[in-house]
Amino acid sequence: MKGSKKKKLEEKAKKSVDTTTTIDLKDVDLANQSEQMAAIISLPSRVDKHIESLTSLQEQLNNLQMEQIRHLDGCIEFIQELKTVKPQTDEEGKIVFETFTLVKAKIKKVFEHFLPKHLEMLEANLESLKLKA
280 MKGSKKKKLE EKAKKSVDTT TTIDLKDVDL ANQSEQMAAI ISLPSRVDKH
330 IESLTSLQEQ LNNLQMEQIR HLDGCIEFIQ ELKTVKPQTD EEGKIVFETF
380 TLVKAKIKKV FEHFLPKHLE MLEANLESLK LKA
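Counting in this note's numbering, the sequence shown runs from 280 upward without gaps.
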């Protein structure tokens, strides 16, 4: 029942008590029935609005998941970038190794959180890169 109609009925009930008149229960039943029918009639359009919202949310979620995948791919590209580095000195080799270790830990943490099923594959790739370094 909508707030304004409910208030009107409550006011009508208060007035009836004050003036010692009674509320015709048929009026209340008719008001309830008309509100129920209005709600039923509007039900298909209300469902359509919910479906439109769900569809929009699903599209947004799909777009966010694609963006997430692009960022995860970017993390792998950082490892590939380290793989292409050819240190010329021991100092450069040490920097590359330390960077690799730090980046590996960070990327592993990301994969543990977002893609736990792909963690084994990532670790195998990281291990092969480690052996080459």
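Cβ atoms here follow ideal geometry from the backbone N, Cα and C, with glycine treated the same way.
Straight across, the Cα-Cα distance linking residue 364 with residue 373 is about 12 Å.
Contact between residue 347 and residue 393 holds: their C-beta atoms lie close to 7 Å from each other, under 8 Å.
Contact check for residue 401 against residue 390 passes: the beta carbons are separated by less than 8 Å. Ranked by Cα distance from residue 355, the first of 397, 369, 325 is 397.
Inter-residue distance for residue 350 and residue 358 is about 13 Å (C-alpha atoms, whole angstroms). Under the three-state reduction of DSSP, residue 394 is assigned to coil, being neither helix nor strand. Secondary structure at residue 364: coil, using DSSP grouped into helix, strand and coil. Non-local beta-carbon contacts of residue 361 in its own chain, meaning distances under 6 Å to residues more than five positions away in sequence, involve 379 in chain order. Just so you know, the alpha carbons of residue 326 and residue 399 end up roughly 44 Å apart.
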